[in-house]
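Visitor: Each protein sequence line maps, in turn, to chains A and B. For the first sequence, the working numbering assigns the number 1 to the initial residue and increments by one for each residue that follows. For the second sequence, the working numbering assigns the number 418 to the initial residue and increments by one for each residue that follows. Supplied in structure tokens, the structure appears directly below.
There are 2 protein chains.
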Amino acid sequence: MPIINHTVMQNPLRNIFISAVAVYSLLFSSLSFSACNMPNDLPTGDLGIIIERMDGSVLIINNSTLSVLCRVEGLGDLSHASVVFSRNARYAFVFGRDGGLTKIDLLKGKISKRILQSGNSIGGAISQDGQYIAVSNYEPGGVNVFAVDDLSLIAKIPATYGQSTQTSKTVGLVDAPGNQFVYSLYDGNEIWQVKMAPPFDKNEFTIPSANIKKYHNVGKAPYDGLISANGRYYIAGLFGEDGLSLLDLWHPEKGTTKILSHYGKGQKKLPVYKMPHLEGWAIAGNHAFLPAVGLHEVLVVDTNTWKEVSRIKVHSQPVFAMASPDDRQIWVNFAFPDNNTLQVIDSETFKIIKQFQPGKGILHMEFTPRSEHVWVSVRDNDEIIVYDTQTLKEVKRIAAKKPSGIFFTSRAHRIGL
Amino acid sequence: MPIINHTVMQNPLRNIFISAVAVYSLLFSSLSFSACNMPNDLPTGDLGIIIERMDGSVLIINNSTLSVLCRVEGLGDLSHASVVFSRNARYAFVFGRDGGLTKIDLLKGKISKRILQSGNSIGGAISQDGQYIAVSNYEPGGVNVFAVDDLSLIAKIPATYGQSTQTSKTVGLVDAPGNQFVYSLYDGNEIWQVKMAPPFDKNEFTIPSANIKKYHNVGKAPYDGLISANGRYYIAGLFGEDGLSLLDLWHPEKGTTKILSHYGKGQKKLPVYKMPHLEGWAIAGNHAFLPAVGLHEVLVVDTNTWKEVSRIKVHSQPVFAMASPDDRQIWVNFAFPDNNTLQVIDSETFKIIKQFQPGKGILHMEFTPRSEHVWVSVRDNDEIIVYDTQTLKEVKRIAAKKPSGIFFTSRAHRIGL
Chain A
1 MPIINHTVMQ NPLRNIFISA VAVYSLLFSS LSFSACNMPN DLPTGDLGII
51 IERMDGSVLI INNSTLSVLC RVEGLGDLSH ASVVFSRNAR YAFVFGRDGG
101 LTKIDLLKGK ISKRILQSGN SIGGAISQDG QYIAVSNYEP GGVNVFAVDD
151 LSLIAKIPAT YGQSTQTSKT VGLVDAPGNQ FVYSLYDGNE IWQVKMAPPF
201 DKNEFTIPSA NIKKYHNVGK APYDGLISAN GRYYIAGLFG EDGLSLLDLW
251 HPEKGTTKIL SHYGKGQKKL PVYKMPHLEG WAIAGNHAFL PAVGLHEVLV
301 VDTNTWKEVS RIKVHSQPVF AMASPDDRQI WVNFAFPDNN TLQVIDSETF
351 KIIKQFQPGK GILHMEFTPR SEHVWVSVRD NDEIIVYDTQ TLKEVKRIAA
401 KKPSGIFFTS RAHRIGL
Chain B
418 MPIINHTVMQ NPLRNIFISA VAVYSLLFSS LSFSACNMPN DLPTGDLGII
468 IERMDGSVLI INNSTLSVLC RVEGLGDLSH ASVVFSRNAR YAFVFGRDGG
518 LTKIDLLKGK ISKRILQSGN SIGGAISQDG QYIAVSNYEP GGVNVFAVDD
568 LSLIAKIPAT YGQSTQTSKT VGLVDAPGNQ FVYSLYDGNE IWQVKMAPPF
618 DKNEFTIPSA NIKKYHNVGK APYDGLISAN GRYYIAGLFG EDGLSLLDLW
668 HPEKGTTKIL SHYGKGQKKL PVYKMPHLEG WAIAGNHAFL PAVGLHEVLV
718 VDTNTWKEVS RIKVHSQPVF AMASPDDRQI WVNFAFPDNN TLQVIDSETF
768 KIIKQFQPGK GILHMEFTPR SEHVWVSVRD NDEIIVYDTQ TLKEVKRIAA
818 KKPSGIFFTS RAHRIGL
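Now the structure itself:
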């Protein structure tokens, strides 16, 4: 159940208001997903979560039957939300924009715990051992770490930089092998690598400084990050300059390297309508595909040399460039006002093989883990469209209220997701 | 419960026998895992199956709690068994040496269906869409396909070759994107690619020939196969000659290519005690690690050129060379009489960084999907040893009766596993 402090209304209208709410709730719930009677003996391998960004609700879905099992409400501000899963694929941890961290029990179809961990968060990660949830914060900045079981606080890691009085927004938070979290300091131009090694100080909620490795001057304003599927390379996109910052976690002694510097050199930068996300990337052969900031291009990089190989002209400013698990396709969506378009790139020829315009507000894509389907959220249509990746034809449309992020439980078994 | 046809004993000893069996069963079950009271609300993301090869039984385990949940008996001859999982991670399909195909319900801790599909099988696969189980047969050869739900027969695909009267053993069966199965004909020196596209002929149980693509003369006696994690490259190991046969499924028009030909040239071949398996392979940077046949070597191949880069001297004849999901380590076990040894290779330096000799009969290894642990079966110790991949220290020992294969449900979400 949502944890909300209701202001008690001390006037005669109160009862009428409550009755109206009750009637509305009854009507609404009968129209949607009445009691969330989850089936008994529900396996968790093919479940997922869809964020309904306007209503603070999520849908629990099944990606085998292409159906909605349940709507769970009361998750606060989900206008920029992301999800990670417990290692048993039973619990979804939803990071909300308002600093809310909500643990959803997929088997019960309800919230099992919800906390407001800060004023403004931007994403999170779960540790390799499945014991810790880290949340990245804009305001007041820094990273907080919680126990998976009860969301009790384990540690607060302030992102102080410079003269150690300023604190930075933290972004691009991922898990990495060795039970580590890696993230970037947007204001501090740093990348931090934190090892989760118990026991922790239960009074101070601190991480020993020996377990935090900091990389300074990684580039101007890292705004998001990704980690390669094997957990070796952490890459932060830069907003303050062209290029990305690369950290080889197998060789921390080498520090960070700037890649794709000056990719926009000589070009007139466009106003950036929405920052691209780096979460989905493709490696096909030796190529990584990355959305450029402020350009109508997807950049292709050789992952051996980390040099630019090509740049693919696309419809508009890319937001996500996501690879299918079979590496054959890169699906790209775009920033406002071109967020009604979806393009599919062939990873081998770099050609655009398909373009869709199913509706406005194409916000996210999620592939089934063996690559046969991709689920696409179309916000203004209030629906999810499922496509077959072989035929590039629609398979099904599924109703959802202003859907944004889509997250399948198979992420539980992937490094960095 | 096991499905066994008891011959009714029509003599006075019958009741005594039955009582003895009852007492034994009671004793035995109280010593092992009494009634398999599986917990309610059991998520399936961190479960797994361990084959107990001598007893025709399997253990259902949990790789978060490092514990055994249940023993399921009555699976027939498991002396060479493998497992795939349904896409919801609820069902395990066990392929036994006697042609048995057993569907186990992990939530209930029992067999939900068991058939004897042929006289002698060697492994199987589940289709990308999760609807079909294919089984590869030695005797009488060929591949049979069954419906996932009830194990009803969908198709029989005889492996006829040459003058179309001879049938071949089929090996190296894997699933591939596009809802395909790919496998090799040991006697026929062929690789077949079969697309599962319904509707199927319910009277004839055939696959239209247009849906079967055959590659001839791929090399002498392909004995096992693997597919890369993205489903692009199928590689068959050759027993009749040095080398492996490579098929690029993105370019079937190019046919197969021989790679690593003559890798044992000029060397005196050792007698082959056990054929190596190709299932686990590593790509770290651009290197694949493959066990050599009849040599004390692991071959390192560049996955761009498919040329040999190096060969690593190991303790004995390798059986499995398996990569950790973080690509940092290759764990290698060996054929009899050196199957008491386990070596760990650093994937970057190609150096052996650790050697274990925990007991005889080290038969299989399975990594947790985020790479923190590896489970190793030690047959003659009647135990599984769990190692931490960071510290290379033992984490736990778990009792199991003559364990061989170990399979975690995260395989449900991987192409080719």
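Ideal Cβ placement from N, Cα and C applies to all residues, glycine included. The structure presented is a predicted model; accordingly, all values stated were derived computationally and were not measured.
Where does Lys768 of chain B sit, in a helix, a strand or coil, going by DSSP?
Guide: To locate residue 768 of chain B, count along the second sequence from 1; it is residue 351. Coil at Lys768 of chain B, not helix or strand.
Visitor: Which bits of chain A does His830 of chain B rub up against, with CB to CB less than 8 Å?
Guide: Taking the first residue of the second sequence as position 1, residue 830 of chain B is located at position 413. In chain order: Gly45, Pro369, Arg370, Ser410, His413.
Visitor: Strictly below 9 Å CB to CB, what residues from chain A border Pro594 of chain B?
Guide: Your numbering for residue 594 of chain B matches position 177 in the second sequence. Residues of chain A passing the Cβ test: Ser324, Pro325, Asp326, Arg328, Arg370, Ser371, Glu372, Thr389, Gln390.
Visitor: Going straight from the alpha carbon of Ser34 of chain A to that of Lys401 of chain A, what length do you get?
Guide: As a first step, residue 34 of chain A is located in the first sequence; it is residue number 34 there, counting from the start. As a first step, residue 401 of chain A is located in the first sequence; it is residue number 401 there, counting from the start. Only weak support exists for where Ser34 of chain A lies, its pLDDT of 44 falling under 50; the coordinates are left without a value.
Visitor: I need the boundaries of the beta strand (DSSP E) containing Tyr138 of chain A, first residue and last residue.
Guide: The count along the first sequence starts at 1 and reaches residue 138 of chain A at position 138. Here the beta strand (DSSP E) through Tyr138 of chain A covers 132-139.
Visitor: The ligand NAP heavy atoms versus the CB of Phe751 of chain B: any closer than 7 Å?
Guide: By its list of ligands, the structure shown contains no ligand whatsoever, and the ligand NAP lies outside what it can speak to.
Visitor: Here's the rule: buried if 16 or more other CB atoms are within 10 angstroms of the residue's CB, otherwise exposed. What is Phe753 of chain B?
Guide: Taking the second sequence and counting its residues from 1, one reaches residue 753 of chain B at position 336. By the neighbour-count rule (16 or more Cβ atoms within 10 Å), Phe753 of chain B is not buried but exposed.
Visitor: In whole angstroms, what is the alpha-carbon distance linking Ile385 of chain A and Phe598 of chain B?
Guide: By one-based count along the first sequence, residue 385 of chain A stands at place 385. By one-based count along the second sequence, residue 598 of chain B stands at place 181. Rounded to the nearest angstrom, the two C-alpha atoms are 28 Å apart.
Visitor: How big is the Cα-Cα spacing for Leu834 of chain B and Ala81 of chain A?
Guide: The residue given as residue 834 of chain B occupies position 417 in the second sequence. The residue given as residue 81 of chain A occupies position 81 in the first sequence. The straight-line gap from Cα to Cα measures roughly 32 Å.
Visitor: Checking contacts by CB at 8 Å: is Tyr648 of chain B closer than that to chain A?
Guide: As a working note, residue 648 of chain B is residue 231 in the second sequence. One point to set straight first is that residue 648 of chain B is Gly, not Tyr, in the sequence displayed. Answer yes: the Cβ-Cβ gap between Gly648 of chain B and chain A drops below 8 Å somewhere.
Visitor: In angstroms, rounded to a whole number, what distance separates the CA positions of Lys310 of chain A and Val298 of chain A?
Guide: The residue labelled residue 310 of chain A in the question sits at position 310 within the first sequence. The residue labelled residue 298 of chain A in the question sits at position 298 within the first sequence. Note on identity: in this sequence residue 310 of chain A is Ser, with Lys being the wrong assignment. So the alpha carbons of these two residues sit roughly 9 Å apart.
Visitor: Could you tell me whether the Cβ of Asn628 of chain B comes closer than 8 Å to any Cβ of chain A?
Guide: Taking the second sequence and counting its residues from 1, one reaches residue 628 of chain B at position 211. No, Asn628 of chain B does not count as interfacial toward chain A.
Visitor: Does chain B have any CB closer than 8 Å to the CB of Trp250 of chain A?
Guide: Position 250 of the first sequence holds residue 250 of chain A. Closer than 8 Å: yes.
Visitor: Have a look at the DSSP bridge pairing and note the partners of Ser121 of chain A.
Guide: The residue labelled residue 121 of chain A in the question sits at position 121 within the first sequence. Beta-bridge pairing links Ser121 of chain A to A:Asn137.
Visitor: If you reduce the DSSP assignment to three classes, tell me which class Pro639 of chain B lands in.
Guide: Taking the first residue of the second sequence as position 1, residue 639 of chain B is located at position 222. Correct three-state label for Pro639 of chain B: strand.
Visitor: Output needed for Asp105 of chain A: all residues of its chain with C-beta closer than 7 Å, excluding positions within five of it in sequence on either side, in chain order.
Guide: Locating residue 105 of chain A in the first sequence gives position 105, counting from the first residue. Hits under 7 Å: Arg90, Tyr91, Ser112.
Visitor: Assuming Ala236 of chain A and Gly225 of chain A make a contact with CB atoms under 8 Å, what is their CB distance in whole Å?
Guide: Here residue 236 of chain A refers to the residue found at position 236 when the first sequence is read from its first residue. Here residue 225 of chain A refers to the residue found at position 225 when the first sequence is read from its first residue. Correct: roughly 4 Å between the Cβ atoms.
Visitor: Looking at Arg796 of chain B and Ser764 of chain B, is the spacing between their C-beta atoms short of 8 Å?
Guide: Looking up residue 764 of chain B in the second sequence gives position 347. Looking up residue 796 of chain B in the second sequence gives position 379. Not a contact, by the Cβ cut-off of 8 Å.
Visitor: Closest Cβ-Cβ distance between Glu394 of chain A and chain B: below 8 Å?
Guide: Position 394 of the first sequence, counting from 1, holds the residue named residue 394 of chain A. It does not; no Cβ of chain B falls within 8 Å.
Visitor: Buried or exposed: Thr582 of chain B, going by 16 or more other Cβ atoms within 10 Å of its Cβ?
Guide: Locating residue 582 of chain B in the second sequence gives position 165, counting from the first residue. Classification for Thr582 of chain B: exposed.
Visitor: Measuring CA to CA, which of A:Lys307, A:Pro276, A:Ser118, A:Ala288 is closest to His296 of chain A?
Guide: For the purposes of this step, residue 296 of chain A is taken as the residue at position 296 of the first sequence. Closest by alpha carbon: A:Pro276.
Visitor: Counting only the same chain and skipping the five closest in sequence on each side, list residues whose C-beta sits under 7 Å from that of Lys675 of chain B.
Guide: Numbered from its first residue, the second sequence carries residue 675 of chain B at position 258. Closer than 7 Å at the Cβ level, and outside the excluded window around Lys675 of chain B, lie Gly636, Gly660, Ser662.
Visitor: Among A:Pro39, A:Val319, A:Asp327, whose alpha-carbon lies nearest the alpha-carbon of Gly294 of chain A?
Guide: The sequence position of residue 294 of chain A within the first sequence is 294, counting from 1. It is A:Val319.
Visitor: Going along the chain, which unbroken runs of the alpha helix (DSSP H) with 4 or more residues stay wholly within the stretch 454-532 of chain B?
Guide: Taking only runs of at least 4 residues, no alpha helix (DSSP H) segment lies wholly in the stretch 454-532 of chain B.
Visitor: State the beta-bridge partners of Asn561 of chain B as determined by DSSP.
Guide: Taking the second sequence and counting its residues from 1, one reaches residue 561 of chain B at position 144. Note: Asn561 of chain B sits in a beta bridge opposite B:Val552, B:Lys573.
Visitor: Name, please, each residue of chain B whose Cβ falls closer than 9 Å to the Cβ of Ala125 of chain A.
Guide: Within the first sequence, the letter at position 125 stands for residue 125 of chain A. Chain B residues near Ala125 of chain A: none, gap ~12 Å exceeds 9 Å.
Visitor: Looking at the structure shown, is Glu670 of chain B part of a helix, part of a strand, or coil, going by DSSP?
Guide: Within the second sequence, numbered from 1, the residue matching residue 670 of chain B stands at position 253. If DSSP states are grouped into helix, strand and coil, Glu670 of chain B belongs with the helices.
Visitor: When Cβ atoms are compared, which residues of the stretch 97-131 of chain A fall closer than 7 Å to chain B?
Guide: The residues in question are Leu107, Gln128, Asp129, Gly130.
Visitor: Grab the span of the beta strand (DSSP E) containing Asn750 of chain B for me, first residue to last.
Guide: By 1-based counting over the second sequence, the position of residue 750 of chain B is 333. Residues 746-751.
Visitor: So, does the CB of Ser481 of chain B fall closer than 8 Å to a CB anywhere in chain A?
Guide: As a working mapping, residue 481 of chain B is identified with position 64 in the second sequence. Output row for Ser481 of chain B: interface = yes.
Visitor: Can you name, in chain order, every residue of its own chain whose Cβ lies under 8 Å from the Cβ of His287 of chain A, other than the five neighbours on each side?
Guide: Counting from one through the first sequence, the residue named residue 287 of chain A turns up at place 287. These residues qualify, in order along the chain: Val300, Val301, Asp302, Thr303, Val309, Ser347.
Visitor: I'd like to know if Asn505 of chain B contacts chain A, where contact means its C-beta is closer than 8 Å to some C-beta of that chain.
Guide: Working through the second sequence from its first residue, we reach residue 505 of chain B at position 88. Asn505 of chain B counts as touching chain A.
Visitor: So if I threshold CB-CB distances at 9 Å, which residues from the stretch 343-371 of chain A count as touching chain B?
Guide: Residues passing the 9 Å Cβ filter: Glu348, Thr368, Pro369, Arg370, Ser371.
Visitor: What residues in its chain sit with their C-beta under 7 Å from that of Lys169 of chain A, if we drop five residues either side in the sequence?
Guide: Start at 1 with the first residue of the first sequence, and residue 169 of chain A comes out as number 169. Excluding positions up to five away in sequence, the list reads Tyr138, Gly141, Tyr186, Asp187.
Visitor: I'd like to check one pair, Tyr549 of chain B with Ala564 of chain B: are the Cβ atoms closer than 8 Å?
Guide: Position 147 of the second sequence holds residue 564 of chain B. Position 132 of the second sequence holds residue 549 of chain B. Going by C-beta atoms, Ala564 of chain B is nearer than 8 Å to Tyr549 of chain B.
Visitor: Under 8 Å between C-beta atoms, does Val149 of chain A make it to chain B?
Guide: For the purposes of this step, residue 149 of chain A is taken as the residue at position 149 of the first sequence. At residue 149 of chain A the sequence reads Asp, which differs from the Val that was named. It does not: the Cβ of Asp149 of chain A has no partner Cβ on chain B nearer than 8 Å.
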